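316 is the number of the first residue of the sequence shown in this note's numbering; add one for each residue after it. Remarks on the structure that follows.
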Amino acid sequence: MDRAGKAGVSLLVLSDHDSVSGFPEGEAAARGAALDLRCGVEINTREGENVHVLGYGIRWRDPALEEALAELRRRRVRRLEAVLAKLKDCGVDLSLAEVRGDSPAPPAVGGRPASSGPASPGSPESLGRAHVADALKRKGVVPNRAEAFRRFLAAGRPAYVGSLGPSAAEAIALIRAAGGFAAIAHPGTVADLGVLESWVREGLEGIEVFYAGHSPSDIRRFQDLAARFGLIVTGGSDYHGRGSGRDGPLGVEVPDGVAERFLERLSRCG
């Protein structure tokens, strides 16, 4: 929060994957920073590799939301257990505790030293393939996350297991039931936006146009889509923390009109 304030971020929506449990700590930290902190969520769906749905303005204490997100996190664990079983078939013995960062990873076989890089921070709640990649790096099996995905974890590789998350429609419904509004995250990483119209029919209201990984041509394309479907334009830096590979500058600038429309919709949430 201190870094965000120093970077000039005026509004920060904390949107963890399939979890809102970090918001109270964030809220406490934000009291000393000059920024407006709101609670959001990013729900990973099963509709492709990168179809994630952002929820803004949610009632984060909503019991039904909390239980639904807890179930999604349980599915994440089941998915990773299947990934670990496939890794074992590849000759790589990795435990769930090592993925969580609960115990040190022993050196890999063959004399290759384990990495001295940082462990996954604090036994993460929403486990994903990135945490497996980090554990493989700590164990000395791979030099970095990218190699872990290339060799084992990406679609079509030997330890790949598809998402057990909800459909996009289910994610949108969950967010709406918790008083929020839904937007498609980082559309530049989504392979098929041909189904966007169907998501709009399900209640999708926004699209993350201003995103750290989008080029100027991407931004123009997604602005056109927003105008075509009457979607609210949103923006985000997708900051995942130090050492995550997605730890670039915090915040993105958006035009005043974009911010005003977003804030107006946010004011009607709850």
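Just so you know, even glycine gets a beta-carbon here, dropped at the ideal spot from N, CA and C. Model, not experiment: these values are computed from the prediction.
Asked: Near the ligand MN: Ile373 beta-carbon under 7 Å from a heavy atom; Found: With respect to the ligand MN, the structure offers nothing, as it holds no ligand at all.
Asked: Residue ranges of each beta strand (DSSP E) within the region 512-583, 3 or longer; Found: 521-526 and 547-551
Asked: Sufficient close CB pairs (3 or more, under 8 Å) joining the region 498-508 to the region 523-542; Found: yes
Asked: Extent of the continuous beta strand (DSSP E) run through Val328; Found: Leu326 to His332
Asked: C-beta contact flag for Gly341 and Leu350 at 8 Å; Found: no
Asked: Whether Val515 touches Phe544 by CB criterion (8 Å); Found: yes
Asked: Own chain, CB closer than 8 Å to Leu578, minus 5 neighbours either side, in chain order; Found: Leu326
Asked: Helix, strand or coil at Asp351 [DSSP, three-state]; Found: strand
Asked: Ala498 - partner residues in DSSP beta bridges; Found: Leu369 and Gly521
Asked: Boundaries (first-last residue) of the alpha helix (DSSP H) holding Gly338; Found: Per the sequence presented here, residue 338 reads as Phe, with Gly not at that position. Unbroken alpha helix (DSSP H) run through Phe338: Phe338 to Ala345.
Asked: Short Cβ contact (8 Å threshold) for Leu508 with Ile487; Found: no
Asked: Ser552 classed as buried or exposed, judged by whether at least 16 other C-beta atoms fall within 10 angstroms; Found: buried
Asked: Val335 to Cys405 span [Cα, whole Å]; Found: 35 Å
Asked: Collapsed DSSP secondary structure at Glu462 in the structure displayed; Found: helix
Asked: Validate contact between the region 381-391 and the region 466-480 using beta carbons, cut 8 Å, 3 pairs; Found: yes
Asked: Length of the line joining the Cα atoms of Gly320 and Gly363; Found: 34 Å
Asked: For Leu489 and Gly437, the rounded distance between their alpha carbons; Found: Because the pLDDT of Gly437 is 43, which lies under 50, any placement of that residue in the model is unreliable, and the number read from its coordinates should be weighed accordingly. Distance between the alpha carbons of Gly437 and Leu489 is about 28 Å.
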